[in-house]
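Encoded as structure tokens, the structure appears first; notes follow it.
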Amino acid sequence: MALKLTLNDKSQIHRAISLLTDILGNDLLGAYLYGSCLVGGLQKYSDIDFLAVINRPTTSEEKRYLISGLLKISGIYMKSDIRPLEMTLVEKSAVNPWRYPPHCDFQYGEWLREAFESGDTEPLLNTEMPDVALIIQQVLLESLALSGPKPAELLAPVPYEDFIHAMLHDLERLYSELEEDTRNVLLTLARIWSTFETDAIRSKPAAADWAIARLPETDKPVMQRAKAIYLGLEPENWDDLQPAVKSCAVWMIRKVHEHKPANNRDVSSRAIHLAENTSV
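Under our numbering, read the sequence shown as residues 21 to 300, first letter to last.
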């Protein structure tokens, strides 16, 4: 699979996997690249996303080593010339056999940098995390094995209803972050809405296009701006579109709830898939 990666991207990926291997050794069962790298392509503000499957829980010392290394490898969001990294570790026995909500052993993301730099190693460690269902589904649909076997050899399928529950679980948190992370929240809501209606996972730009075609005329400029910023075509600025930003977000959340399955019988024959023309 030929990915469109810069030398910096390749260096970050190599360093991140080397860090995992050095710390975990044979207890690293598999490491997978997923997300924008594989679906839609990396854009100006895209993260590099990793899922690692491990044979046992990481120790506190191993977590500290991971944090120390990833703070150096990951770029600071919108401030560095290198990309932010998001890395999620799951213990195999915690997700296979599958059960909901899934557990996350460790997660690194740039939104945790301040806490990690202050010495707080507790955020999102060894905890229930519904979002892991979304990550695993994406990895099973489209990913690149950087270490270990194909992901289906380690990971159990995610039931449709659990994927839906995980997306619904994210809505309240997303809305609470609208003011501080406007572009990302809007694009994520567009992805959730489009998936609820079509059962397809799209890249953020493709989800934005899908949403623009269905939003009220007054809200279309908001999503057009979010897409343009994500692609690096416009600076991050929302002053001229307030309060349309809130209106757009509320509209999408309402549409999600309108398309929420009423019961398990509504989902018995449904499955999440990749939208056409989303793979790199």
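Note that the Cβ used here is the ideal one computed from N, Cα and C, for glycine as well.
- Message: So, with DSSP's three-state summary, where would you put residue 192?
- Response: In the three-state reduction of the DSSP assignment, residue 192 falls in the helix class.
- Item | residue 54 (DSSP reduced to helix, strand or coil) | Collapsing the DSSP output to three states places residue 54 in a strand.
- Task: In the DSSP assignment, find the alpha helix (DSSP H) that holds residue 134 and state where it starts and stops.
- Result: Per DSSP, residue 134 belongs to the alpha helix (DSSP H) from 133–137.
- Runs of alpha helix (DSSP H) wholly within the stretch 188–257 (minimum 4 residues, chain order): If one requires a minimum length of 4 residues, the alpha helix (DSSP H) runs lying completely within the stretch 188–257 are 202–218, 224–232 and 240–250, in chain order.
- Would you mind giving the Cβ-Cβ distance between residue 105 and residue 32, rounded to the nearest angstrom? I have them listed as a contact below 8 Å. Contact flag correct, Cβ pair sits at about 7 Å.
- Message: Can you tell me where the beta strand (DSSP E) holding residue 269 begins and where it ends?
- Response: Bounds of any beta strand (DSSP E) do not take in residue 269; it lies within the alpha helix (DSSP H) bounded by 264–278.
- Enclosing alpha helix (DSSP H) for residue 109 [first to last residue]: Here residue 109 belongs to no alpha helix (DSSP H); instead the beta strand (DSSP E) covers 105–111.
- Message: On the DSSP letters alone, give me the boundaries of the alpha helix (DSSP H) that residue 73 sits inside.
- Response: No alpha helix (DSSP H) holds residue 73; the beta strand (DSSP E) holding it covers 68–74.
- Query: Which residues mark the beginning and the end of the alpha helix (DSSP H) in which residue 153 is found?
  - Reply: Run containing residue 153: 151–161, per the alpha helix (DSSP H) assignment.
- Query: Between the stretch 121–137 and the stretch 88–101, do three or more beta carbon pairs fall short of 8 Å?
  - Reply: Segments in contact, yes.
- Query: In chain order, what residues of the same chain have a beta carbon less than 6 Å from the beta carbon of residue 115, not counting five sequence neighbours either side?
  - Reply: Counting only Cβ-Cβ distances below 6 Å, and skipping sequence neighbours, we find 122.
- Pairwise C-alpha distance: residue 261 and residue 148: Between residue 148 and residue 261, the C-alpha separation is close to 36 Å.
- Considering only residues of the same chain and omitting the five flanking positions on each side of residue 92, which have a CB-CB separation below 8 Å? Listed in chain order, the non-local C-beta contacts of residue 92 below 8 Å within the same chain number zero, local neighbours out to five positions each way being set aside.
- Message: To the nearest angstrom, how far is the alpha carbon of residue 38 from that of residue 205?
- Response: Near 32 Å, if we compare the C-alpha coordinates of residue 205 and residue 38.
- Thinking just about the alpha-carbon of each residue, which of 198, 47, 297 and 256 is nearest to the one in residue 272? Considering only alpha carbons, the answer is 198.
- Message: For residue 171 and residue 52, which I take to be in contact (beta-carbon distance under 8 Å), what is that distance rounded to the nearest angstrom?
- Response: Correct: roughly 6 Å between the Cβ atoms.
- Quick one: measure Cβ to Cβ for residue 59 and residue 217, integer angstroms, because I've assumed they're closer than 8 Å. Between residue 59 and residue 217, the beta carbon gap of about 18 Å keeps them out of contact (Cβ cut-off 8 Å).
- Item | Neighbourhood of residue 255 by C-beta, 8 Å cutoff - its chain only, sequence neighbours within 5 removed | Cβ neighbours of residue 255 within its own chain (closer than 8 Å, five residues either side excluded): 249.
- Query: residue 86 lies in the alpha helix (DSSP H); which residues open and close that run?
  - Reply: Residues 80–93.
- Identify whether residue 289 lies in helix, strand or coil by the three-state DSSP scheme. Looking at residue 289 - three-state DSSP - the assignment turns out to be coil, as it is neither helix nor strand.
- Message: Starting from residue 164, trace the beta strand (DSSP E) in both directions and tell me its first and last residue.
- Response: Where residue 164 is concerned, the enclosing beta strand (DSSP E) stretches over 164–167.
- Which residue comes first and which comes last in the beta strand (DSSP E) that contains residue 32? Segment 27–44 is the alpha helix (DSSP H) holding residue 32; no beta strand (DSSP E) there.
- Query: Which residues in the same chain as residue 239 place their Cβ atom closer than 8 Å to its Cβ, once the five residues preceding and following it in sequence are excluded?
  - Reply: If we look at residue 239 and ignore the five residues flanking it on each side, its Cβ neighbours are 264, 267, 268 and 271.
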